[in-house]
Amino acid sequence: MIATKGNFPLLAESDIVISGGGPAGVAAALAAARRGYRVLLLEQTGTLGGLATSGLVPSFAPSSDGERFLYGGIYEEIDRELCRRMGVECKPASWQAIDAEIMKRLLDDLVEAAGVRVLFGVKVCEAEVEDGRIRAIWAATAQGIRRITGRQFIDATGDGMLAMLAGVEFEYGDEAGNTMSPTLCAQFANIDYKKYEEACRNGNSDRAIWLRMLQAGTAPLVEHHFVCMTRMSLATATSNLGHIYGCNVLDPDDLTRGYMEGRRVVRTFETFYREQVPGFENAVLVSTASLLGVRETRRIRGEYRMTFDDYRNRADFADEIGRCCYPVDIHSSSLDSEEQKRVEQVLAATRFKHGESYGIPYRAMIPVGLRNLLVPGRAISSDREIQSSIRVMPPCFVTGQAAGIAAGMAQEGDVRSVDIAALQAALREIGGCLHGRQ
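Position in the sequence shown (first residue = 1) + 32 = our numbering.
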């Protein structure tokens, strides 16, 4: 945190400055721009979408609680248009496959139509703070360090990067500082799905084969949490397989190791599929993701800290800005087999019944000590258990759209001064799903 003005050229100024162009950042930008505010969206890569595009995460989590489309608003709009462009049926109760290239173009179209100013290749690296307000941020660009000013700021980096630079306190991982292990996703082609589907009918799915090899001690990796290989087209698939254990992605050396280890893990799974899984004999590894699939880093200290009790009690909040129904999904942080096995056990044990969900309070996005910053997405104020539920992409869109609208409403004041009833009305207007009593 820098208390004095930096001697760097001014790159841009805006009503609302958003750091991070993943699901939360895109939703915030669209929600604010569509209400007439000048919005600047900063993204360090060359595309919007975050893990849905650069990260090659193969699918969105189910968006229905069994009774209604729970993540209404911008996510629902994007999901339905993505399905239309992919030529598939939108099934809210199922995992929705993501064609990353179609998603990239879709998000480009949406931000351009809304009038959002997007800057790629820009990463926030410092914050100027005075009297509890962020006055400006410094960003690393191809031209060097540049200064960006705004009245309201949104940290959608996922890592709580801007919040940390501005002096916000945060939690990291468990009590010992261990975090959920990340994954490097990958794309495969030349798959014979007719042959694979026949094998599945005979009990020889990829998962079944992998588990048998684990039990026999012949699996190439100690990996008891087999996530998915998701079909994308007639002969392609995207994987979310394997973990990079013991990786602190906020440490530059560890992050580098994570990418290299991730590519080795993908190669191991490629060999497994080609040698062991019917239909994959001629499969080709097309690409690995350019963005590591990080599940957990910082969690800010906010005006309200969401907890597992809120999850277990299906909590409602007077300042509710959305709902979530995804189960507790804490991926293992180590090679310990029992810890890995517990992941899917907890997933099954915490899954809600039809119609059940919990509320997300606006206060969880407000960092203690700052007046003009909101933090949607996976860095929201929470404990580990509920963070592992709210971190998936659809609820990140939900908190992002609320942050964008709220930032606009707080243009001349403290984000705590936002009229909650007006915010909720605006969210309902775009299709947001709130508890019925509000």
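Each residue gets a CB set at the ideal place from its N, CA and C atoms; glycine is no exception.
Quantities reported herein were computed from a predicted structural model and do not represent experimental measurements.
**Asked** Relative to the C-alpha of ARG383, which residue among GLU307, THR329, ILE186, ASP97 is closest?
**Response** ASP97
**Request:** Quick one: measure Cβ to Cβ for ASN222 and ASN280, integer angstroms, because I've assumed they're closer than 8 Å.
**Result:** No, ASN222 and ASN280 are not in contact; Cβ-Cβ is about 36 Å, not under 8 Å.
**Request:** Quick one: using the 10 Å Cβ neighbour count with 16 as the cut-off for buried, is ASN272 buried or exposed?
**Result:** buried
**Prompt:** Using CA coordinates, which residue listed in GLN219, ALA168, VAL407 is at the minimum distance from ALA44?
**Reply:** ALA168
**Asked** Smallest Cα separation from PRO284: which of LEU324, VAL259, MET245?
**Response** LEU324
**Selected residue, minimal CA-CA separation from THR320, among THR303, ARG299, ARG333** = ARG299
**Asked** If you count every other CB in all the chains shown that lies within 10 Å of the CB of ARG482, and 16 or more means buried, which is it?
**Response** The structure shown does not extend to residue 482, since the chain is modelled only from 33 to 470, so the question has no answer here.
**Asked** When burial is assigned at 16 or more other CB atoms within 10 Å of the CB, is SER86 buried or exposed?
**Response** buried
**Message:** Am I right that LEU367 and GLY294 are in contact with their C-beta atoms under 8 Å? What's the rounded C-beta distance?
**Reply:** The pair is not a contact, with the Cβ atoms about 15 Å apart (cut-off 8 Å).
**Assigned exposure category for VAL375 - 16 Cβ within 10 Å defines buried** = buried
**Asked** Got a sec? Which residues, its chain only, sit under 6 Å from GLN372 by beta carbon, not counting five neighbours each side?
**Response** HIS256, HIS257, SER364
**Message:** In chain order, what are the residue ranges of uninterrupted beta strand (DSSP E) at least 3 long that sit wholly in the region 380-464?
**Reply:** 390-393
**Message:** For a quick check, are the C-beta atoms of LYS123 and GLY81 less than 8 Å apart?
**Reply:** no
**Asked** At a cut of 8 Å, does the region 143-152 reach the region 67-81 through at least three beta carbon pairs?
**Response** yes
**Prompt:** Going by DSSP, what residues sit across from GLY334 in a beta bridge?
**Reply:** PRO399
**Prompt:** Around the Cβ of ASP191, are there at least 16 other Cβ atoms within 10 angstroms (buried) or fewer (exposed)?
**Reply:** buried
**Asked** What residue does the beta strand (DSSP E) around LEU266 start on, and which one ends it?
**Response** Run containing LEU266: none; DSSP gives neither H nor E here.
**Request:** Please state whether DSSP places ASP342 in a helix, a strand or coil.
**Result:** helix
**Prompt:** How about the region 424-431 and the region 169-183: do they share at least three Cβ pairs that are nearer than 8 Å?
**Reply:** no
**Prompt:** When burial is assigned at 16 or more other CB atoms within 10 Å of the CB, is THR329 buried or exposed?
**Reply:** buried
**Message:** So, at 7 Å on beta carbons, what are the nonlocal neighbours of ALA240 in its own chain, with the 5 sequence-adjacent residues on each side left out?
**Reply:** none
**Asked** Using the C-alpha atoms, what's the distance from SER420 back to ALA350?
**Response** 23 Å
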